[in-house]
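Here's the structure, in structure tokens; my notes come after.
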Amino acid sequence: MAKKINPAISCVFFFMMCCFGVAAQGQTKPATVKIGQQQWMAENLNVDTFRNGDPIPHAKTDEEWKKAYEEHKPAWCYYGNDPENELKYGKLYNWFAVSDPRGLAPKGYHVPSKADWETLVDFLGGQKMAGKKLKSTEGWPGAENGTNESGFDGRPGSMRYYSGYFDKNRCLGRWWTKTELESSYAWQYYLLKGDEVGWYSADYGKGAGMSVRCLAD
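Counted the way mature numbering (1 follows the signal peptide of the UniProt record, and there is no 0) counts, the sequence shown spans residues -24 to -1, 1 to 193.
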């Protein structure tokens, strides 16, 4: 005689299987926002493995962070080495993680180039106007919050210098591009005070820790 399965138990079992499946894959499908013809992730990257499953080293001390820079090795950290910053800002990565051939971005996504960022900024009205539309509506100090008209939700995740020191400026968000300038530098985009968005050749070098925002392929 066939046994009847309690629907409630069946639902709980299905929920548990889904959760374990997500945990095994290491990530869930990220939320995205369409801006012009581009499909951006709606939050900063927050992975601790490369696309092939290899772990990205977590640099927990200034010494570990600086060593990763000196050896040109990938690394990530939380801002201030505080895990509580993960939900708001994601992780900070050095450029060696960005450029690693194992792939920092999840399948179906890539780290944007300088040209990709230029397309985004141009669509939002140019360098003088795009900043406020890219900024989140909360989290920036004083009256520096944005409108988030774009849905990008850019937050002041700040940065970490190659020496391990964290920039204390909480009115600052920086995002790596995959575009290399020369052997020691790569391009990055930033949001500061006001409505502007800017780009920089990253005088801090590839060992600096910055946020990463991915773009759909």
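Every residue gets a Cβ at the ideal spot worked out from N, C-alpha and C, and that includes glycine. Owing to the predicted nature of the structure, the values given are computational and were not obtained by experimental measurement.
Query raised in the report: Exposed or buried, T153, counting other C-beta atoms within 10 Å across all chains shown (16 or more means buried)?
Result: buried
Query raised in the report: Nearest CA to the CA of V74: which residue from G140, Y141, I32?
Result: I32
Report task. Could you pull out every residue in the same chain whose Cβ sits closer than 7 Å to the Cβ of L167, ignoring the five residues on either side in sequence? Result -> G107, L110, K111, G130, G149, V173
Query raised in the report: Is F99 near G12, with beta carbons less than 7 Å apart?
Result: yes
Requested in this report: Assign N28 to buried or exposed, taking buried as 16 or more other Cβ atoms, counted over all protein chains shown, within 10 Å of its Cβ.
Outcome: exposed
Report task. Measuring alpha carbon to alpha carbon, tell me which of Q103, G133, G102, A51 ends up nearest residue 201. Result -> Residue coverage of the chain in this structure runs from -24 to 193, which leaves residue 201 outside it and unanswerable.
Report task. With a cut-off of 8 Å on the beta carbons, I'd call Y180 and Y137 a contact; round off their distance for me. Result -> 6 Å
Query raised in the report: Can you tell me the Cα-Cα spacing of V188 and N20, whole angstroms?
Result: 6 Å
Query raised in the report: Considering only residues of the same chain and omitting the five flanking positions on each side of E158, which have a CB-CB separation below 6 Å?
Result: none
Query raised in the report: Shortest alpha-carbon distance to D92 belongs to which of K182, Q164, A7, A184?
Result: Q164
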